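The C-terminal position of the sequence shown is numbered 185 in my numbering, with every residue numbered one higher than the one before it.
For glycine and all other residues, C-beta sits at the position ideal for the given N, C-alpha and C.
None of the values given here were measured: they were computed from a predicted structure.
Only one structure is covered here, and it is reproduced in the block below.
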Amino acid sequence: MFTLHPIGNVVSPLRDPKAAPKQAYEGAPAAWLVIDASVAPGLRDLRVGDEVLVLTWLDRAERNTLDVHPRDDVTLPRRGVFSTRSADRPNPIGIHRVRIEEIAAGAESSTRVRVDALEAVDGTPILDIKPVLDPRRDG
Numbered sequence: 047m048f049t050l051h052p053i054g055n056v057v058s059p060l061r062d063p064k065a066a067p068k069q070a071y072e073g074a075p076a077a078w079l080v081i082d083a084s085v086a087p088g089l090r091d092l093r094v095g096d097e098v099l100v101l102t103w104l105d106r107a108e109r110n111t112l113d114v115h116p117r118d119d120v121t122l123p124r125r126g127v128f129s130t131r132s133a134d135r136p137n138p139i140g141i142h143r144v145r146i147e148e149i150a151a152g153a154e155s156s157t158r159v160r161v162d163a164l165e166a167v168d169g170t171p172i173l174d175i176k177p178v179l180d181p182r183r184d185g
């Protein structure tokens, strides 16, 4: 057993998971990542224009789902959840590739990072942020 501690949460105009795009490229809006002050120093070397992977906990997902119709399309045959990007899964971790648009120091309790298209709904807990590596540059 282990415990994950969110480092912040998503602030987005998306409120309903069923109405949210399945993937960012399907029209997801920009959103804010509100990062807790206790971990904000970890943002130090991120810059506007950087691409990052945001890992989220999809807290409204079904955790007992093991097979799904891909993209919720009932005309497609069911597939094992681990071969899909479905939010519904035993450990609903979301992975979102985004570009940083703005970094703003917030109140004493947080720092805000604005990112481009993010399909996570408002209030989604953020678990981690990782850089997208360029093997030509980052080895």
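Span separating the alpha-carbon of Val-127 from that of Ala-133 = Counting from 1 along the sequence shown, the entry for residue 127 is found at position 81. Counting from 1 along the sequence shown, the entry for residue 133 is found at position 87. Between Val-127 and Ala-133, the C-alpha separation is close to 9 Å.
ask   = In chain order, what residues of the same chain lie with their CB nearer than 6 Å to the CB of Lys-176, ignoring the 5 residues before and after it?
value = As a position in the sequence shown, residue 176 is number 130, starting the count at 1. For Lys-176, where only same-chain residues beyond five positions count, the Cβ hits under 6 Å are Leu-99.
query = How would you write the range of the beta strand (DSSP E) that Asp-134 sits in, first residue to last?
reply = By 1-based counting over the sequence shown, the position of residue 134 is 88. Note, Asp-134: premise wrong, no beta strand (DSSP E); not H, not E.
ask   = Hey, would you say Val-144 sits closer than 8 Å to Thr-130, going by beta carbons?
value = Taking the first residue of the sequence shown as 1, we reach residue 144 at position 98. Taking the first residue of the sequence shown as 1, we reach residue 130 at position 84. No, they are not a contact pair.
inquiry  = Tell me which residue opens and which closes the beta strand (DSSP E) that Pro-104 is part of.
reply    = Position 58 of the sequence shown, counted from the first residue, corresponds to residue 104. Reading the sequence as shown, one finds Leu at residue 104 and not Pro. Per DSSP, Leu-104 belongs to no beta strand (DSSP E) and is neither H nor E.
Beta carbon of Ala-77 nearer than 8 Å to that of Ser-58 = Translated into the one-based positions of the sequence shown, residue 77 becomes position 31. Translated into the one-based positions of the sequence shown, residue 58 becomes position 12. Taking 8 Å as the Cβ cut-off, Ala-77 and Ser-58 qualify as a contacting pair.
task = Could you tell me which of Val-56, Glu-97, Arg-90 and Pro-87 sits nearest to Asp-180, measuring between CA atoms?
result = On the sequence shown, position 134 is the one that residue 180 refers to. The candidate whose alpha carbon is nearest that of Asp-180 is Glu-97.
ask   = In this structure, does DSSP put Val-98 in helix, strand or coil?
value = Position 52 of the sequence shown, counted from the first residue, corresponds to residue 98. Residue state, collapsed to three classes: strand.
inquiry  = Could you tell me the alpha carbon to alpha carbon distance between Ile-141 and His-51, rounded to whole angstroms?
reply    = Walking along the sequence shown from the start, residue 141 turns up at place 95. Walking along the sequence shown from the start, residue 51 turns up at place 5. About 16 Å.
message = DSSP has Asp-174 in a bridge; who is on the other side?
response = Along the sequence shown, one-based indexing puts residue 174 at 128. For Asp-174, which the question treats as bridged, DSSP gives the partners Leu-101.
inquiry  = Going by DSSP in three states, Glu-72 sits in which element: helix, strand or coil?
reply    = Sequence index remark: in the sequence shown, residue 72 carries index 26 (1-based). Residue state, collapsed to three classes: helix.
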